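To start, the structure under review is shown below, and the notes come after it.
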Amino acid sequence: MLTSSTKKLARILLPDRYYFPLRECYRSLRQNAELWQNPVWMESVQRVRAYRNKHEGRRCFILGTGPSLKKTDLSLLKNEFTFGLNRIYLLFDELKFNTTYYVAVNNLVIEQCAEEIARLPVPKFISFRNRNKIKFSPDLMFLQSRFEPPAFSTDITHGVWEGGTVTYVAIQIAYYMGFQKVILVGVDHSFATKGQPNSMVVSGGADPNHFHPEYFGKGFRWHLPDLEASELAYRTAKYHFERSNREIVDATVDGKLQVFSKVNYLDLF
Numbered sequence: 068m069l070t071s072s073t074k075k076l077a078r079i080l081l082p083d084r085y086y087f088p089l090r091e092c093y094r095s096l097r098q099n100a101e102l103w104q105n106p107v108w109m110e111s112v113q114r115v116r117a118y119r120n121k122h123e124g125r126r127c128f129i130l131g132t133g134p135s136l137k138k139t140d141l142s143l144l145k146n147e148f149t150f151g152l153n154r155i156y157l158l159f160d161e162l163k164f165n166t167t168y169y170v171a172v173n174n175l176v177i178e179q180c181a182e183e184i185a186r187l188p189v190p191k192f193i194s195f196r197n198r199n200k201i202k203f204s205p206d207l208m209f210l211q212s213r214f215e216p217p218a219f220s221t222d223i224t225h226g227v228w229e230g231g232t233v234t235y236v237a238i239q240i241a242y243y244m245g246f247q248k249v250i251l252v253g254v255d256h257s258f259a260t261k262g263q264p265n266s267m268v269v270s271g272g273a274d275p276n277h278f279h280p281e282y283f284g285k286g287f288r289w290h291l292p293d294l295e296a297s298e299l300a301y302r303t304a305k306y307h308f309e310r311s312n313r314e315i316v317d318a319t320v321d322g323k324l325q326v327f328s329k330v331n332y333l334d335l336f
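So the sequence shown is residues 68 to 336, counted in our numbering.
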């Protein structure tokens, strides 16, 4: 660990273009050291490692939460491996089955829906920074978010880049689990609500951006999407999957995302 005198000397001797990256590197190392001394984090890592390559060679579906889900026969997914995101559980009663896995990393979603998320009877992947908002149950695993774009994690125990969308986090988890083919469904990549990306807004009524009017219903606080950051993330994921001889395809009905090869949803069955 650098002493205060060492840091002071480095600040004097090094040009800014060297000093500031060094400072950030030091900060990152310090945070990692603190992280690996946290018993909750250590237990979470052990749980996550049990999933490494668990589904090697198989296919999975990542369910986005766009309105197109209402035009998709999701009953076909009952016996498939699936990832559900954010408030996807609003569909579970209608579907008569749960997704195989659940992922949420957004602070506002977890803060406002922690009790609902905690009750889900499936393995859950949640951002570690929200550890004080949700119970650390036996089927819950924390992920550490990184903020150095663009990045793709092949080992999620060392962190994931969120890429402006929880869908990207789910893609990294699917890679870690060994899935050969990832199929996106309900990733509309289009929002009726406009505004500054990543800014927090309060919903004034029924939600036009998702599959359910109460998804981000009246009074719900949420972050506006950053579609450019998401596209950068998706292109990064595509590169890493292809270099590993794996693939990501997009089966979203009328989806606007143009990064992945399009496939007809019904043809997959």
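Glycine residues also receive a C-beta, built at the ideal position from the N, C-alpha and C atoms. Since we're looking at a predicted model, the values are computed, not measured.
#### Entry: Rounded distance between the beta-carbons of residue 321 and residue 251, thought under 8 Å
That belief does not hold up - the Cβ atoms of residue 251 and residue 321 are roughly 13 Å apart, past 8 Å.
### Message
I'd like the list of long-range same chain contacts for residue 137, defined as Cβ closer than 8 Å, with 5 residues on each side in sequence excluded.
### Response
278
### Task
Put residue 351 into one of helix, strand or coil per three-state DSSP.
Absent from the structure is residue 351, since the part of the chain shown begins at 68 and ends at 336.
### Query
Looking at the unbroken alpha helix (DSSP H) that takes in residue 171, where does it start and where does it end?
Careful: residue 171 lies outside any alpha helix (DSSP H), inside the beta strand (DSSP E) at 168-171.
### Query
Once you ignore the five residues that flank residue 232 on each side, which residues in its own chain have a CB closer than 6 Å to its CB?
297
### Task
Would you check whether the ligand PLP has a heavy atom nearer than 7 Å to the C-beta of residue 324?
This structure does not include the ligand PLP; it has no bound ligands of any sort.
### CA nearest to the CA of residue 191, picked from 155, 160 and 217
155
### Backbone CA spacing between residue 293 and residue 172 [nearest angstrom]
15 Å
#### Entry: Where the alpha helix (DSSP H) containing residue 244 begins and where it ends
Segment: none, residue 244 is in no alpha helix (DSSP H) and carries neither H nor E.
### Task
Let me know if residue 151 comes out buried or exposed under the rule of 16 or more other beta-carbons within 10 Å of its beta-carbon.
buried
### Query
Going by DSSP, what residues sit across from residue 288 in a beta bridge?
269
### Query
Just to confirm, are residue 120 and residue 245 a CB contact at a threshold of 8 Å?
yes
### Message
Using a Cβ-Cβ cutoff of less than 7 Å, which residues in the same chain neighbour residue 159 once the five nearest sequence positions on both sides are dropped?
### Response
165
### Message
Quick check on the burial criterion: 16 or more other C-beta atoms within 10 angstroms. Buried or exposed for residue 92?
### Response
The predicted model places residue 92 with a pLDDT of 49, which falls under 50 and marks its position as unreliable; any figure quoted below should be read in that light. That one is exposed.
### Query
Given that a residue counts as buried once 16 or more other Cβ atoms are within 10 Å of its Cβ, and exposed if not, what is residue 87?
With a pLDDT of only 43 at residue 87, under 50, the local geometry of the prediction cannot be trusted, and no value is derived from it.
### Task
Look up residue 145 in the DSSP assignment and say whether it is helix, strand or coil.
coil
### Residue from 295, 302, 267 and 303 with nearest C-alpha to residue 286
267
### Query
Closest by CA to residue 161, which one among 141, 247 and 336?
141
### Query
Which residue comes first and which comes last in the beta strand (DSSP E) that contains residue 128?
126-130
#### Entry: Distance between beta carbons of residue 201 and residue 223, contact taken as under 8 Å
With a Cβ gap of about 18 Å, residue 223 and residue 201 do not count as contacting.
### Cα-Cα separation between residue 108 and residue 305, rounded to whole angstroms
29 Å
### Query
Pick from 315, 111, 134 and 331: whose alpha carbon is nearest that of residue 237?
315
### Message
Quick check on the burial criterion: 16 or more other C-beta atoms within 10 angstroms. Buried or exposed for residue 328?
### Response
exposed
### Query
Looking only at C-alpha atoms, which of 295, 179 and 332 sits nearest to residue 269?
179
### Reference residue 212, options 203, 313 and 240, closest by Cα
240
### Task
Return the first residue and the last residue of the beta strand (DSSP E) that residue 175 is part of.
Note, residue 175: premise wrong, no beta strand (DSSP E); alpha helix (DSSP H) at 174-185.
### Query
Along the chain, where does the beta strand (DSSP E) that runs through residue 191 open and close?
191-194
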